[in-house]
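Quick notes on the structure that follows.
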Amino acid sequence: MKVASNLPPVIAIDGPTASGKGTVAMRVAAQLGFHYLDSGALYRLVALASDKEGISVEDPSALGHLATGMQIIFRDGEVLLAGKDVTELIREEKIGTRASQLAVYPEVRDALLVLQRSFREQPGLVADGRDMASRIFTDAVLKVYLTASAQARTERRYKQLIAKGISARMDVLLQDLQERDARDTNRGTAPLQRVEGAYLLDTSDLSVDQAVTQVLNWYAKLHH
Ligand code: CDP
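Counting in the numbering used here, the final residue of the sequence shown is number 387, and the numbers go up one at a time with none missing.
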């Protein structure tokens with residue numbers, strides 16, 4: 164049991180790309196009536212906005228400046244950037260890749276710090292990303308490291324894309340996923356990691372329902 168605090172409780176769910184953490188985090192938040200933060204969407208928004216404005220992915224100070232001034236609204240599962248619906252656009256693979264390239268810069272990460280913490284409101288928050296437990300919400304009452312094998316994650320991403328009518332190749336997706344893993348794990352600033360005290364949840368052989376139930380069980384146990 165953690166030390167009681169007046170701040171709303173946070174459940175931090177970190178993990179690699181296509182591990183299913185977004186789906187699980189959203190469902191856990193809905194079950195508990197908590198707010199939800201998709202921190203990856205913020206990095207994707209920086210990727211999209213900077214791409215549109217012709218800012219190089221190798222210009223940390225311009226990227227950081229842009230990240231500080233973004234006008235973002237999350238509303239009913241939709242994401243608005245400067246008043247425009249970009250929900251679908253930020254999900255594109257090329258935007259995900261660009262997001263992981265600019266996420267290595269402290270200038271970008273620092274610019275998003277306060278914004279991410281502002282999502283912490285009553286009655287609580289479920290936050291998913293790479294550094295939710297290690298940096299943004301170090302006092303999270305529950306920390307989960309959610310992962311799955313590279314094969315399982317590639318298959319999931321493949322099915323997602325095909326379902327959306329986007330053509331994809333398994334071998335290309337697997338390679339992209341491995342590159343993204345390497346970049347997220349090996350960077351100097353806020354690398355993807357399983358922090359001490361985080362529960363490991365390997366979803367390779369679990370359904371979404373089973374993963375959600377496991378997280379809810381861990382959370383319920385905190386109160387006994
Ligand atoms: O959908 P997927 O899991 O591939 O990615 P995402 O969670 O939407 O995040 C996109 C990229 O943003 C990741 O590859 C990370 O490099 C970066 N990211 C990060 O550095 N820190 C976070 N808290 C969340 C995302």
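All residues carry an ideal CB built from backbone N, CA and C; glycine is no exception.
query = Pick from Lys-247, Ala-212, Pro-172, Val-371: whose alpha carbon is nearest that of Gly-196?
reply = Pro-172
key: DSSP-derived helix/strand/coil call for Ile-325   = helix
query = Which residue's Cα is closest to the Cα of Tyr-391: Gln-234, Ala-230, Val-378?
reply = Outside the shown range of the chain, which is 164 to 387, sits residue 391, and nothing can be said about it.
Gln-234 to Ala-245 span [Cα, whole Å] = 5 Å
Gln-155 burial status per 10 Å Cβ neighbour count (16 or more: buried) = Here the chain covers residues 164 to 387 and nothing more, so residue 155 does not appear.
request  = Find the nearest neighbour of Leu-275 within the set Asp-201, Gly-183, Arg-190, judged by alpha-carbon distance.
outcome  = Asp-201
Backbone secondary structure at Thr-310 - three-state DSSP = strand
query = Roughly how many angstroms lie between the CA atoms of Asp-372 and Arg-293, to the nearest whole one?
reply = 22 Å
query = Contact check, Gly-185 vs Asp-347 under 8 Å by CB: the rounded distance?
reply = In fact, because the Cβ distance is near 15 Å, the residues do not count as touching under 8 Å.
task = Just the C-alpha distance for Val-267 and Thr-352, rounded to the nearest angstrom, thanks.
result = 6 Å
message = For a minimum of 3 consecutive residues, which ranges assigned as the beta strand (DSSP E) are wholly contained in the stretch 167-252?
response = 173-177, 198-201, 235-238, 241-244
query = Can you tell me whether DSSP reads Gly-292 as helix, strand or coil?
reply = strand
key: Nonlocal neighbours in the same chain, by C-beta distance under 6 Å from Pro-158, ignoring five residues either side   = Not covered by the structure: residue 158. The range shown for the chain is 164 to 387.
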